[in-house]
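S.K.: Here it is, the structure in full.
As structure tokens, then:
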């Protein structure tokens, strides 16, 4: 009986330890985007912000990454379309578990609306970002070309009255709402570009470099030809000099032989 009781106790302890182990899933089963427009905007935001902070090892930029703000609660989570966390090292993650990131909440988040998003869903997201420390929250509806932003004031996220011309305090990027679309600018004034535009620019730059290289090759070829011509002329001049010296030496020898034979070379007799 005592042995049986001890076994029951061990089984009970093992069950308790397994029950306490909490898994934080890396996926919520939802797609990154519902349509091509939403995905394109997510990609543009992610890549441009990643490029903007590429040289700063303490700025982490992610897209569609689950964020768990509270340890022990794997139900409390959100996956911002794009988020930026300052003071957090770059690196791959399955999810953003805040307690493992020096308890730093992402300071800036972006959401791109799709037709499938509901008012209730977006209200919950804004409340989540408000409650868990987001400093700047930007919501863009590409179908309606409608941009809304919130900035933390004291303990709450307050709506930004005018987004056209707004400059993000954290990111330094500028928002410009045109009649048909939204444009964003880097701090240096460069327009946000998508991958295809960047690739096109790279191709154009590569073509220019190839043209410059061809011109340099032509110039180098001409220089080589001129160098070879100079070396040939120098060689011919040296040969002429050697021939002249040889002729002079022979003349001197002949003059010596004639004198030894008693022939006056000066009178020609």
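Residue numbers (the working numbering): 736 to 1004.
Using N, Cα and C, we set each Cβ at its ideal position, and we do this for glycine too.
Where do the N-terminal and C-terminal ends of the beta strand (DSSP E) with residue 725 fall, by residue?
M.R.: The question about residue 725 has no answer, for the chain in this structure spans 736 to 1004.
S.K.: Is it right to say residue 834 is buried, meaning 16 or more other beta carbons lie within 10 angstroms of its own, or is it exposed?
M.R.: Locating residue 834 in the chain shown gives position 99, counting from the first residue. Label assigned to residue 834: exposed.
S.K.: Does DSSP put residue 890 in a helix, a strand or coil?
M.R.: As a working mapping, residue 890 is identified with position 155 in the chain shown. In the structure shown, residue 890 sits in coil (DSSP, three-state: anything other than H, G, I, E or B).
S.K.: By the three-class DSSP mapping on this structure, what secondary structure does residue 786 have?
M.R.: Within the chain shown, numbered from 1, the residue matching residue 786 stands at position 51. Three-state result, residue 786: helix.
S.K.: Mind checking which residues open and close the alpha helix (DSSP H) that includes residue 864?
M.R.: For the purposes of this step, residue 864 is identified with residue 129 of the chain shown, where counting begins at 1. 854 to 866 is the extent of the alpha helix (DSSP H) around residue 864.
S.K.: Over what stretch of residues does the beta strand (DSSP E) that includes residue 929 continue unbroken?
M.R.: Here the question's residue 929 lines up with position 194 in the chain shown. That residue, residue 929, is in no beta strand (DSSP E); it is neither H nor E in DSSP.
S.K.: Under 7 Å: does the beta carbon of residue 901 sit that close to some heavy atom of the ligand NAP?
M.R.: As far as ligands go, the structure on display features none, and thus does not contain the ligand NAP.
S.K.: Please classify residue 943: is it buried, with 16 or more other beta-carbons within 10 angstroms of its beta-carbon, or exposed?
M.R.: In the chain shown, counting from the first residue as 1, residue 943 sits at position 208. Exposed, by the Cβ-count rule.
S.K.: Hey, would you say residue 849 sits closer than 8 Å to residue 899, going by beta carbons?
M.R.: In the chain shown, the residue the question calls residue 849 occupies position 114. In the chain shown, the residue the question calls residue 899 occupies position 164. No, these two residues do not count as a Cβ contact at 8 Å.
S.K.: So the beta strand (DSSP E) residue 918 belongs to, where does it begin and stop?
M.R.: For this step, residue 918 is matched to residue 183 along the chain shown. Its beta strand (DSSP E) spans residues 917 to 920.
S.K.: Taking C-alpha atoms, which residue in 797, 816, 812 lies nearest to residue 823?
M.R.: Translated into the one-based positions of the chain shown, residue 823 becomes position 88. Measuring from the Cα of residue 823, the nearest candidate turns out to be 797.
S.K.: Measure the beta-carbon distance from residue 843 to residue 870 and round it to whole angstroms, keeping in mind my assumption that it falls under 8 Å.
M.R.: The residue you call residue 843 lines up with position 108 of the chain shown. The residue you call residue 870 lines up with position 135 of the chain shown. Sure, about 7 Å apart at Cβ, within 8 Å.
S.K.: What residues match up with residue 800 in a beta bridge as DSSP calls it?
M.R.: If you number the chain shown from 1, residue 800 lands on position 65. According to DSSP, residue 800 bridges with nothing at all.
S.K.: Pull up the distance between the alpha-carbon of residue 909 and that of residue 928, whole angstroms please.
M.R.: On the chain shown, residue 909 is found 174 positions in, with the first residue counted as 1. On the chain shown, residue 928 is found 193 positions in, with the first residue counted as 1. Approximately 14 Å between the Cα atoms of the pair.
S.K.: Do you know whose CA, among 889, 951, 922, 789, lies nearest residue 724's CA?
M.R.: Here the chain covers residues 736 to 1004 and nothing more, so residue 724 does not appear.
S.K.: Please tell me whether residue 800 and residue 828 are closer than 8 Å, where the distance is taken between their beta carbons.
M.R.: Taking the first residue of the chain shown as 1, we reach residue 800 at position 65. Taking the first residue of the chain shown as 1, we reach residue 828 at position 93. Going by C-beta atoms, residue 800 is nearer than 8 Å to residue 828.
S.K.: Within 10 angstroms of its Cβ, does residue 806 collect 16 or more other Cβ (buried), or is it exposed?
M.R.: As a first step, residue 806 is located in the chain shown; it is residue number 71 there, counting from the start. The residue is exposed, with fewer than 16 neighbouring Cβ atoms inside 10 Å.
S.K.: Helix, strand or coil: how does DSSP classify residue 759 here?
M.R.: One-based indexing of the chain shown puts residue 759 at position 24. Reduced to three states, the DSSP call for residue 759 is coil.
S.K.: What is the DSSP secondary structure of residue 871, reduced to helix, strand or coil?
M.R.: Working through the chain shown from its first residue, we reach residue 871 at position 136. Of the three classes helix, strand and coil, the one that applies to residue 871 here is strand, per DSSP.
S.K.: I'd like to know whether the C-beta atoms of residue 831 and residue 867 end up nearer to each other than 8 Å.
M.R.: Within the chain shown, numbered from 1, the residue matching residue 831 stands at position 96. Within the chain shown, numbered from 1, the residue matching residue 867 stands at position 132. It is not a contact, given that the beta carbons lie outside the stated cut-off.
S.K.: Use the C-beta contact count for residue 791: other C-beta atoms within 10 angstroms, 16 or more gives buried, fewer gives exposed.
M.R.: The residue labelled residue 791 in the question sits at position 56 within the chain shown. That one is exposed.
S.K.: Starting from residue 898 and walking both ways along the beta strand (DSSP E), at which residues does that stretch end?
M.R.: Sequence index remark: in the chain shown, residue 898 carries index 163 (1-based). Unbroken run through residue 898: none, as it is neither H nor E.
S.K.: Would DSSP call residue 820 helix, strand or coil?
M.R.: Mapped onto the chain shown, residue 820 falls at position 85. Residue 820: strand per DSSP, three-state reduction.
S.K.: Excluding sequence positions up to five away, which residues of its chain have a Cβ less than 6 Å from the Cβ of residue 783?
M.R.: On the chain shown, position 48 is the one that residue 783 refers to. The answer, listed in chain order, is 927.
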